[in-house]
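Below: the structure, in structure tokens.
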Amino acid sequence: MSQASVKEFLATAKQDEAIRQQLQSAMTVHGCVKVAQESGYDFTAEELQSQLNEMSEEEVAEIVNPGVAPRRHIQPQ
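Numbering (full-length UniProt numbering), first residue to last: 1 to 77.
Shown next, in the form of structure tokens:
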């Protein structure tokens, strides 16, 4: 469990259409962690939230909706 794992997952999510679609359905931090765990990543909701807090809203939205406006945003719980 680490921030490195969170960063790796978010980078993968930007490139992987299947993961992006799952994240669009999840739309909560806990839902995103579940998607990550199903994809083989291991981190907590707190670690994900910490990483998301360091990113701008647009950076976060690019993961879920790259190039699509208006963008939906992952909402913290």
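Glycine included, C-beta positions come from ideal geometry on N, C-alpha and C.
query                                                                                                                                     : result
Entirely within the UniProt domain "Nif11" (1-48) and at least 4 residues each: give me those alpha helix (DSSP H) ranges in chain order. : 3-15, 17-26, 29-38
Cβ of Q22 within 7 Å of Cβ of V35?                                                                                                        : yes
Mark A13 as exposed unless 16 or more other C-beta atoms lie within 10 angstroms of its C-beta, in which case mark it buried.             : buried
Could you tell me the alpha carbon to alpha carbon distance between E17 and A26, rounded to whole angstroms?                              : 14 Å
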